[in-house]
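Notes follow the structure.
Numbering (our numbering), first residue to last: 1 to 131.
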């Protein structure tokens with residue numbers, strides 16, 4: 001439905017599966033669709049999420065996107081989400097979005113390391129700011 005032409009998703013969790021692949025461009029299309037959905041965009045913008053289950057159990061979830069963590073060296077206030085991931089074949093990845101000068105930009109970093117994915121995203125957003 002989104003017109004992804006260079007992806008083949010076989011497993012819903014995103015982990016390495018033979019025959020599964022995607023591109024940075026297709027991930028950016030998915031990111032835009034997520035941002036266009038008010039429920040999803042609200043969820044992916046939060047660094048922490050607290051829930052109290054019907055059973056009474058209280059749970060706090062932490063987002064692994066350090067660009068959203070106000071206590072992280074990688075924090076950037078303009079970042080509005082989205083998702084990190086890592087696998088043996090893909091390396092450390094991040095699909096993020098930021099609002100800069102009133103425009104929303106999506107950044108996809110693939111095949112990186114845990115720290116470099118954040119550093120690379122910051123470098124791209126900083127370059128956009130200087131344009």
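Built from N, CA and C at the ideal position, the CB exists for glycine as well. None of these values were measured; they are calculated from a predicted model.
Using only the alpha-carbon positions, how far apart do residue i and residue j sit?
i	j	result
residue 87	residue 6	19 Å
residue 93	residue 32	17 Å
residue 36	residue 106	12 Å
residue 3	residue 122	28 Å
residue 49	residue 60	6 Å
residue 9	residue 112	21 Å
residue 11	residue 22	12 Å
residue 51	residue 68	19 Å
residue 126	residue 110	18 Å
residue 30	residue 90	17 Å
residue 120	residue 84	13 Å
Hey, could you find the ends of the beta strand (DSSP E) residue i is sitting in?
i	result
residue 58	58-62
residue 84	79-87
residue 50	48-52
Would you kindly report the start and end of the unbroken alpha helix (DSSP H) that includes residue i?
i	result
residue 35	24-36
May I ask you to list the residues that DSSP assigns as paired with residue i?
i	result
residue 15	DSSP output for residue 15 lists no bridge partner at all.
residue 21	8
residue 92	86 and 112
Check the C-beta distance from residue i over to residue j and give it rounded, since I have them as a contact under 8 Å.
i	j	result
residue 27	residue 95	5 Å
residue 117	residue 98	14 Å between Cβ atoms; not a contact.
residue 100	residue 128	5 Å
residue 47	residue 62	7 Å
Fill in: Every unbroken beta strand (DSSP E) inside the segment 94-131 [3 residues or more]
103-112
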